[in-house]
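Novice: Using mature numbering (1 follows the signal peptide of the UniProt record, and there is no 0), the letters of the sequence shown map in sequence onto residues -28 to -1, 1 to 206.
Where a beta carbon is used, it is the ideal one built from N, C-alpha and C, also for glycine.
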Amino acid sequence: MGSPVRMAALPCLSLILLFWSQGPGVRGQEFQFGPCQVEGVVLQELWEAFQAMKDIVQAQDNITSVQLLRKEVLQNVSEAESCYLIHALLEFYLNTVFKNYRDKAVEFGILKSFSTLANNFIVIVSKLQPSQEKEMFSISESAYRRFLLFQRAFKQLDREAAVTKAFGEVDILLTWMENFYQAPDAQAQRPWLTGPAAPRHVGSSRTGARTSVPCIGRRTPNHCATREAQDFIL
């Protein structure tokens, strides 16, 4: 699944650290991807950073018939698989998507939010330590096959279009990651669920409960209701 992301491997991202303001983790708030625990990252900050860019980024995606993070990638992911899958996805986003989208972030005036999101992803990847034990081989391979579905779909598109689409699908990624997030007061940490837009519901394989998530609409009211990302059961 690849080694943890190191800053040396991301020279083009070094400049975005100008805006880095990551503070100490809030007690009781963490991501728990199976055996991999990540503290010090607040999910609300990731959502706020992406929401600040969402309309600009998704307006650049003209290929609405293709989805990279489709249900075959994120559906029914076990806790054991989740650490390997999120590690592979975030490494790809950092090394390929963020690295190649930075110039556009500058052009569109969204570099600060872009940097906040990228640096939080760097923190998460740096704290993930997927097991390399032989008994975990089948699980890691299963997760990797999921990742390859995403990667192959990405490579089938024009490079610039693929980068734009992948960045625009960060909302799908965050919605999935939310199922592995723990906070003392979940609703207090999810202000994006409030407001006039009614949230959709996605099942969580961790608890069997149904979790409210934001409607990830793009261009038309009906598009949000029909988008495949809202129909998968996690």
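(1) Note the first and the last residue of the continuous beta strand (DSSP E) segment covering residue 9.
(2) From which residue to which residue does the beta strand (DSSP E) around residue 4 run?
(3) Roughly how many angstroms lie between the CA atoms of residue 72 and residue 135, to the nearest whole one?
(4) Buried or exposed for residue 143, please, with buried defined as at least 16 other CB atoms from any protein chain shown within 10 angstroms of its CB.
(5) Return the CA-CA distance between residue 85 and residue 121, expressed in angstroms with no decimal places.
(6) Three-state secondary structure (DSSP) at residue 154?
(7) Just to confirm, is the Cβ distance from residue 42 to residue 138 under 9 Å?
(8) Using a Cβ-Cβ cutoff of less than 7 Å, which residues in the same chain neighbour residue 10 once the five nearest sequence positions on both sides are dropped?
(9) According to the Cβ coordinates, are residue 57 and residue 131 closer than 9 Å?
(10) Residue 13 and residue 67 look like a contact to me (Cβ under 8 Å); what is the Cβ gap, rounded to whole Å?
(11) Taking the alpha-carbon positions, what's the residue 33 to residue 15 distance?
(12) Helix, strand or coil for residue 140? Go by DSSP, reduced to three states.
Specialist: For this structure:
(1) 8 to 11
(2) 2 to 5
(3) 7 Å
(4) buried
(5) 28 Å
(6) strand
(7) no
(8) 2, 3, 96, 99 and 100
(9) no
(10) Not a contact, Cβ separation roughly 19 Å.
(11) 25 Å
(12) helix
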